[in-house]
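Heads up: the sequence lines are chains A and B, in that order. The opening residue of the first sequence carries number 1 in the numbering used here; numbering runs sequentially from there. The opening residue of the second sequence carries number 1 in the numbering used here; numbering runs sequentially from there. For glycine and all other residues, C-beta sits at the position ideal for the given N, C-alpha and C. Contents: one structure, followed by commentary.
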Amino acid sequence: MSMAAAALSEHLGPIVGPEQIITNSEHLRGYRVSGETPKALVRPGSDQEVAEIVRFAATERLTLLPTGAGTKRAMHVPAARFDVAIEMVRLDRVVAYDPDDLTLSVEAGVSLSRLAAVLAEHRQFLPLAVPFMHRATVGGTIASGVDSPLRQFYGTARDYVLGMEFVTGDGQVAKSGGRVVKNVSGYDLHKLMIGSFGSLGVITKVNFRTFPMAASIGAFIAFFRSVRDAARMRDRIAESPLRPLTLEVLSPLATELLFGDRATGVESGPRLIDTPSKAHWALLVSFAGSGRVRERYERDLRALADAGASAVLEENTTSAVLARVREFSPIALESSPGAVILRLTVLPGEIAEALDDLARLAGKQELPWAAMARGVGVIYLALLPTAQDGEVRSRVGRAIDDLFDAFRPRQGSLTLAWCADAWKQAMSPRKTTRNDLEQMRKIKRAFDPTRVFASDPLGAWV
Amino acid sequence: MDPRLLHDLERLLGSEGVLYKPEDLLLYEYDGSVEVARPDCVVFPTGTAEVVEIVRLAARHRVPLVGRGAGTGLSGGALAREGGIVTSFARMNGILQIDVKNQRARVQPGVVNLDLSLAVRHAGLHFAPDPSSQKACTIGGNVSENSGGPHTLAYGVTTNHVLALEVVLPSGEVIELGSAAVDPPGYDLTGVFVGSEGTFGLVTEITVRLTRLPEAVKTLLAVYDLVDDATQTVAEITARGITPAACEMMDGWTIRAVEEYVHAGFPLDAAAVLLMEVDGLREVVEAEAQAVAEVCQMHHARSVRLARDDAERDLLWKGRKNAFGAAGRVSPSYYTQDGVIPRTKLPATLRQIGEIGRKYNLAIGNVFHAGDGNLHPIILFDERNKQQFRDAVAAADEIIAFCIAAGGSITGEHGVGMEKDRLMPLLFTEADLDLMKRVRAVFNPTGLLNPGKIFPTTKGCGEIYVRPQPAQAVPSP
Numbered sequence: 001m002s003m004a005a006a007a008l009s010e011h012l013g014p015i016v017g018p019e020q021i022i023t024n025s026e027h028l029r030g031y032r033v034s035g036e037t038p039k040a041l042v043r044p045g046s047d048q049e050v051a052e053i054v055r056f057a058a059t060e061r062l063t064l065l066p067t068g069a070g071t072k073r074a075m076h077v078p079a080a081r082f083d084v085a086i087e088m089v090r091l092d093r094v095v096a097y098d099p100d101d102l103t104l105s106v107e108a109g110v111s112l113s114r115l116a117a118v119l120a121e122h123r124q125f126l127p128l129a130v131p132f133m134h135r136a137t138v139g140g141t142i143a144s145g146v147d148s149p150l151r152q153f154y155g156t157a158r159d160y161v162l163g164m165e166f167v168t169g170d171g172q173v174a175k176s177g178g179r180v181v182k183n184v185s186g187y188d189l190h191k192l193m194i195g196s197f198g199s200l201g202v203i204t205k206v207n208f209r210t211f212p213m214a215a216s217i218g219a220f221i222a223f224f225r226s227v228r229d230a231a232r233m234r235d236r237i238a239e240s241p242l243r244p245l246t247l248e249v250l251s252p253l254a255t256e257l258l259f260g261d262r263a264t265g266v267e268s269g270p271r272l273i274d275t276p277s278k279a280h281w282a283l284l285v286s287f288a289g290s291g292r293v294r295e296r297y298e299r300d301l302r303a304l305a306d307a308g309a310s311a312v313l314e315e316n317t318t319s320a321v322l323a324r325v326r327e328f329s330p331i332a333l334e335s336s337p338g339a340v341i342l343r344l345t346v347l348p349g350e351i352a353e354a355l356d357d358l359a360r361l362a363g364k365q366e367l368p369w370a371a372m373a374r375g376v377g378v379i380y381l382a383l384l385p386t387a388q389d390g391e392v393r394s395r396v397g398r399a400i401d402d403l404f405d406a407f408r409p410r411q412g413s414l415t416l417a418w419c420a421d422a423w424k425q426a427m428s429p430r431k432t433t434r435n436d437l438e439q440m441r442k443i444k445r446a447f448d449p450t451r452v453f454a455s456d457p458l459g460a461w462v
Numbered sequence: 001m002d003p004r005l006l007h008d009l010e011r012l013l014g015s016e017g018v019l020y021k022p023e024d025l026l027l028y029e030y031d032g033s034v035e036v037a038r039p040d041c042v043v044f045p046t047g048t049a050e051v052v053e054i055v056r057l058a059a060r061h062r063v064p065l066v067g068r069g070a071g072t073g074l075s076g077g078a079l080a081r082e083g084g085i086v087t088s089f090a091r092m093n094g095i096l097q098i099d100v101k102n103q104r105a106r107v108q109p110g111v112v113n114l115d116l117s118l119a120v121r122h123a124g125l126h127f128a129p130d131p132s133s134q135k136a137c138t139i140g141g142n143v144s145e146n147s148g149g150p151h152t153l154a155y156g157v158t159t160n161h162v163l164a165l166e167v168v169l170p171s172g173e174v175i176e177l178g179s180a181a182v183d184p185p186g187y188d189l190t191g192v193f194v195g196s197e198g199t200f201g202l203v204t205e206i207t208v209r210l211t212r213l214p215e216a217v218k219t220l221l222a223v224y225d226l227v228d229d230a231t232q233t234v235a236e237i238t239a240r241g242i243t244p245a246a247c248e249m250m251d252g253w254t255i256r257a258v259e260e261y262v263h264a265g266f267p268l269d270a271a272a273v274l275l276m277e278v279d280g281l282r283e284v285v286e287a288e289a290q291a292v293a294e295v296c297q298m299h300h301a302r303s304v305r306l307a308r309d310d311a312e313r314d315l316l317w318k319g320r321k322n323a324f325g326a327a328g329r330v331s332p333s334y335y336t337q338d339g340v341i342p343r344t345k346l347p348a349t350l351r352q353i354g355e356i357g358r359k360y361n362l363a364i365g366n367v368f369h370a371g372d373g374n375l376h377p378i379i380l381f382d383e384r385n386k387q388q389f390r391d392a393v394a395a396a397d398e399i400i401a402f403c404i405a406a407g408g409s410i411t412g413e414h415g416v417g418m419e420k421d422r423l424m425p426l427l428f429t430e431a432d433l434d435l436m437k438r439v440r441a442v443f444n445p446t447g448l449l450n451p452g453k454i455f456p457t458t459k460g461c462g463e464i465y466v467r468p469q470p471a472q473a474v475p476s477p
């Protein structure tokens, strides 16, 4: 059943107030996801209002898509047609922040940048250095499960989200976990919400463990003629007593995109890093500590880099460099209108083999590509076609097919992470060998029995 | 129990793989808690295929099924509350694969926690979660309870180290959750499975992350004349942004009990000690140890002792890890709680526990993970004295109520099990619990797997709860 925009406005008005509903089609075009434009946008001001909206939608068989700042609309998540976008930006309270306990409770619509400022007053932070950092909200970041280079040291959201509140598909406000750093009461349902893309519920509040800021940070970059040599250094660091904050292997084009003359989407200024040539792979590692600790890292890393050219980066440069690493996906998307970013996970010791395969398959279709591999075994591969005609598009399609074929037998996974709308519509579901898909579908039904939430991350597979 | 079921189980596992005589079942009535429940039989599968058959037989006969590791749990998680079959994983104790390059290990659930760390030590690795019972407890049990331990302050609890599981569902279906590579696609089923207290499925294989051993470790013992000074030290260390690898506290009563038992050199007249450890790069450890010692002194520590060598370090830890055993030596029975509070509330909470002890005229020792606010008050009682037993339970409930009021939790690492199920409504609404039950039903729709756990069996709280009386002195965990 479908409801006209005017009728939607009439029903949702009493819940949130008429000024919090937008049905202007011009405005709504900005909320398009995968070619679908909502009929209305509603901005709830509390979890109770979210619950009422969900109950109304469930009764009227309307579908919903929660949204924060809208920075992830280019992410590839299969979604059904949706009627109403729920914009969460009015849930923007820092509910509780106890710096001495290193715990924080915030509503989903709080932006990460505002949160960073609040935490910085107490020299604390969240290790969520994620794409579109300056605009992204807490809710969108957690719901999309985007990762941060700082995971090398701090782990991912699943390691420092202590609890959550959310509205499930039956319009109930539910919670799990708590606000203390150690807690095993009840099931960790909030772990299901991380990376669920709003398919299980609307996240309204997230409790975090916060972290003290390091007194000072530094970084080290080494250049290598081959991916094998770069990956070998990753392995050596993993075998060493060093505990870096971040560790990324960058392909030649990735280094160029992030730090070279072609660098886009970042403030202009002098080159951050001088690369020995445009053909070199780079390994970038950052670390915390002052004085003797820094010296130790620098000395050990130089030794581990062996004969490769290398440079130590100062604190200011380190922050700027890490900001660009964080924004790899946005920068890659901006560099080519036909950009497609694939995300692979592999065992950390198999990064070199995986990157070799990627290079070969992208090269076979004569497509420019840039890759960034995190030391824990997550690889972002950006295919960056220079044109957008049909012939190029079919080459990109073939490259994606080849990649899926090549990586299916491996341990790990391959997903299409970011791409233009046209690509999303062209992507058909892939076969999966996972045998827990049925349980995942049942989880969806347990949280959202009438399928009121439109996004369907499981729809990428058959 | 239906003799035909027993017959089928014996045919499957051999007569040595099934226990059903009352005298053989006695041990399986207990875990490390004060709870008691007798199973109808205990079975000992040797592999996943046998587990599948056991699960199918249980389903066919509609008999409850409960998984069990070493039985060191502290909330009755591995007890057959409604009778039925206890599946012991004692014979599924193989380390299947050690992958040094990728820092992974694949193990069967019956592998003893410490044995895995010992098996990978040659490669400079260890399995980081280290419950006090790590010499006995199994990794399968750790997964079910999401166990912690002293070093989880810096290293995280079990869930932070589990990447993938092979699981037999109550339907007999075998599924794999997660993957050895990070970030498996789809919903984080591994994340919700760890800590589900054996109510989702029987875990038959576990893939864990191995952690590099630190280059340097310094262990400090700070001695205090006032409990408040010790708790203030912990709050200050946290506030300064120092994350020690471990930060444990024992109060005077516990110190004396432990010292008599272990002879670790704890001062008998102290009000409290803090046992703290910093680890990592040599340069980091030196700076942090110095900073920690400074904070201790600022808060009037009588002395701060640095363990000179591994032997002294091991001795101090032996004292801490045997605190519960020490309590068992001085009291016929004791009851350990597992409340969590925000770390800044430590001083007030310890004062409150002291008040509660005086109110009920019960000795309460305190030994706990101070760094993450996870309390383990040890309430001593004599179970032959019925009034004292009731008082111990009432005192425990008052402590938990205080933890909840302080913004904390009813359990930090021991689990809800059959011990704290009635407390769940104090933390969770009916909607929260209903959703949790729906998730349980995804895996365990008939509810035959580990029934009577986590969720309150009676509606509403505040009723008088009469705990089953232990038949004998409670074994120490």
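Can you tell me where the beta strand (DSSP E) holding V206 (chain A) begins and where it ends? Mapped onto the first sequence, residue 206 (chain A) falls at position 206. G201 to R209 is the extent of the beta strand (DSSP E) around V206 (chain A).
T457 (chain B) to E260 (chain B), Cα distance in whole Å? For the purposes of this step, residue 457 (chain B) is taken as residue 457 along the second sequence, with counting starting at 1. For the purposes of this step, residue 260 (chain B) is taken as residue 260 along the second sequence, with counting starting at 1. Looking at the two C-alpha atoms, the distance is approximately 42 angstroms.
Mapping DSSP to helix, strand and coil, what is Y334 (chain B)? As a working note, residue 334 (chain B) is residue 334 in the second sequence. Reduced to three states, the DSSP call for Y334 (chain B) is strand.
Can you give me the Cβ contacts of L441 (chain A) inside the same chain, cut-off strictly under 8 angstroms, excluding the 5 residues immediately before and after it? Locating residue 441 (chain A) in the first sequence gives position 441, counting from the first residue. The question names Leu, yet the displayed sequence has Arg at residue 441 (chain A). The residues are L458.
Looking at the structure shown, is I463 (chain A) part of a helix, part of a strand, or coil, going by DSSP? Since the first residue shown for chain A is 1 and the last is 462, residue 463 (chain A) is missing from the structure and cannot be characterised.
Which term fits Q290 (chain B), buried or exposed, when burial requires 16 or more other beta carbons within 10 angstroms of its beta carbon? The residue given as residue 290 (chain B) occupies position 290 in the second sequence. Of the other Cβ atoms in all chains shown, fewer than 16 fall within 10 Å of the Cβ of Q290 (chain B); this residue is therefore exposed.
Nearest-angstrom Cα distance between L478 (chain B) and P78 (chain A)? Shown here, chain B extends from 1 to 477; a query on residue 478 (chain B) therefore has no answer.
How far does the alpha helix (DSSP H) with R234 (chain A) in it reach, from first residue to last? To locate residue 234 (chain A), count along the first sequence from 1; it is residue 234. Note, R234 (chain A): alpha helix (DSSP H), V227 to E239.
Distance between L128 (chain A) and T275 (chain A) (C-alpha atoms, nearest Å): Counting from 1 along the first sequence, the entry for residue 275 (chain A) is found at position 275. Counting from 1 along the first sequence, the entry for residue 128 (chain A) is found at position 128. Looking at the two C-alpha atoms, the distance is approximately 28 angstroms.
Range of the contiguous alpha helix (DSSP H) that encloses C41 (chain B): Translated into the one-based positions of the second sequence, residue 41 (chain B) becomes position 41. Looking at the DSSP string, C41 (chain B) is not in any alpha helix (DSSP H); the run it does join, the beta strand (DSSP E), is C41 to V43.
On the DSSP bridge list, what partners appear for R430 (chain A)? Position 430 of the first sequence, counting from 1, holds the residue named residue 430 (chain A). Answer by DSSP bridge pairing, in chain order: A:W461.
Under 8 angstroms, do E50 (chain B) and A37 (chain B) count as touching if we go by C-beta distance? The residue labelled residue 50 (chain B) in the question sits at position 50 within the second sequence. The residue labelled residue 37 (chain B) in the question sits at position 37 within the second sequence. Note that the C-beta distance between E50 (chain B) and A37 (chain B) is not below 8 angstroms.
From L26 (chain B) to N160 (chain B), what does the alpha carbon distance come to, in whole angstroms? Start at 1 with the first residue of the second sequence, and residue 26 (chain B) comes out as number 26. Start at 1 with the first residue of the second sequence, and residue 160 (chain B) comes out as number 160. Rounded to whole angstroms, the gap between the alpha carbons of L26 (chain B) and N160 (chain B) is 35 angstroms.
Does the beta-carbon distance from A254 (chain A) to A371 (chain A) come in below 8 angstroms? Working through the first sequence from its first residue, we reach residue 254 (chain A) at position 254. Working through the first sequence from its first residue, we reach residue 371 (chain A) at position 371. A contact, by the Cβ cut-off of 8 angstroms.
Closest residue to T211 (chain B) among B:A270, B:V100 and B:A348 (Cα-Cα distance): Position 211 of the second sequence, counted from the start, is the residue given in the question as residue 211 (chain B). The shortest Cα separation from T211 (chain B) among B:A270, B:V100 and B:A348 belongs to B:V100.
In the DSSP output, which residue or residues are listed as bridge partners for W281 (chain A)? Position 281 of the first sequence, counted from the first residue, corresponds to residue 281 (chain A). Its beta-bridge partners are A:F224.
DSSP state of G265 (chain A), grouped into three classes? The residue you call residue 265 (chain A) lines up with position 265 of the first sequence. The predicted position of G265 (chain A) is uncertain, since its pLDDT is 48 and thus under 50; a value taken from the coordinates is nonetheless stated next. Correct three-state label for G265 (chain A): coil.
Use the C-beta contact count for A362 (chain A): other C-beta atoms within 10 angstroms, 16 or more gives buried, fewer gives exposed. Taking the first residue of the first sequence as 1, we reach residue 362 (chain A) at position 362. The residue in question, A362 (chain A), is buried, as its Cβ has 16 or more Cβ neighbours within 10 Å.
Helix, strand or coil for L96 (chain B)? Go by DSSP, reduced to three states. In the second sequence, counting from the first residue as 1, residue 96 (chain B) sits at position 96. In this structure, L96 (chain B) counts as strand in the three-state DSSP scheme.
Decide if the stretch 278-288 of chain A is in contact with the stretch 394-410 of chain A; the criterion is three or more beta carbon pairs, one per stretch, under 8 angstroms apart. no
Could you give the DSSP three-state label for L275 (chain B): helix, strand or coil? Locating residue 275 (chain B) in the second sequence gives position 275, counting from the first residue. Judged by DSSP in its simplified three-state form, L275 (chain B) adopts strand.
Could you tell me whether the stretch 410-419 of chain B touches the stretch 68-83 of chain B, using the rule of 3 or more Cβ pairs below 8 angstroms? yes
Can you say whether M298 (chain B) is buried or exposed, counting buried as having 16 or more other CB atoms within 10 angstroms of its CB? Along the second sequence, read from residue 1 onward, the residue named residue 298 (chain B) stands at position 298. Looking at its Cβ environment, which holds fewer than 16 other Cβ atoms inside 10 Å, M298 (chain B) is exposed.
Give the list of continuous beta strand (DSSP E) stretches no shorter than 3 residues that lie fully inside the stretch 340-384 of chain A. 340-345, 369-374 and 378-383
If I measure Cβ to Cβ from P149 (chain A) and keep anything under 7 angstroms in the same chain, skipping five residues before and after, which residues do I get? In the first sequence, the residue the question calls residue 149 (chain A) occupies position 149. Counting only Cβ-Cβ distances below 7 angstroms, and skipping sequence neighbours, we find A129, T246, E248, L322, V325, R326 and R374.
Examine chain A for any beta-carbon lying closer than 8 angstroms to the beta-carbon of R343 (chain B), and answer yes or no. As a working mapping, residue 343 (chain B) is identified with position 343 in the second sequence. Judged by the 8 angstroms Cβ criterion, R343 (chain B) is in contact with chain A.
Tell me which residues share the same chain as N366 (chain B) and place their Cβ nearer than 6 angstroms to its Cβ, disregarding the 5 neighbours each side in the sequence. Against the second sequence, residue 366 (chain B) aligns to sequence position 366. These residues qualify, in order along the chain: D251 and P377.
Touching by the beta-carbon criterion (3+ pairs, under 8 angstroms), the stretch 164-176 of chain B and the stretch 197-216 of chain B: yes
Sheet register partners of M249 (chain B) (DSSP bridge): Numbered from 1 along the second sequence, position 249 holds the residue referred to as residue 249 (chain B). DSSP lists B:L274 and B:F368 as partners of M249 (chain B).
Along the chain, where does the alpha helix (DSSP H) that runs through A174 (chain A) open and close? For the purposes of this step, residue 174 (chain A) is identified with residue 174 of the first sequence, where counting begins at 1. No alpha helix (DSSP H) holds A174 (chain A); the beta strand (DSSP E) holding it covers V173 to G177.
Below 8 angstroms between beta carbons: does that hold for M424 (chain B) and S185 (chain A)? Within the second sequence, the letter at position 424 stands for residue 424 (chain B). Within the first sequence, the letter at position 185 stands for residue 185 (chain A). Cβ atoms of M424 (chain B) and S185 (chain A): closer than 8 angstroms.
What residues in the stretch 128-140 of chain B have a beta carbon less than 7 angstroms from any beta carbon of chain A? none
Is the CB of Y187 (chain A) under 8 angstroms away from at least one CB in chain B? For the purposes of this step, residue 187 (chain A) is taken as the residue at position 187 of the first sequence. Yes, because at least one Cβ of chain B sits closer than 8 angstroms to the Cβ of Y187 (chain A).
Per DSSP, I400 (chain B) is paired with what? By one-based count along the second sequence, residue 400 (chain B) stands at place 400. I400 (chain B) is not bridged to any residue.
Kindly list the residues whose CB is nearer than 6 angstroms to the CB of A311 (chain A), restricted to its own chain and excluding five residues on each side of it in sequence; keep chain order. For the purposes of this step, residue 311 (chain A) is identified with residue 311 of the first sequence, where counting begins at 1. So the qualifying residues of the chain are I221.
Quick one: residues in its chain with C-beta nearer than 7 angstroms to the C-beta of Y187 (chain A), no 5 flanking neighbours on either side, listed in chain order? As a first step, residue 187 (chain A) is located in the first sequence; it is residue number 187 there, counting from the start. Correct list, in chain order: S176.
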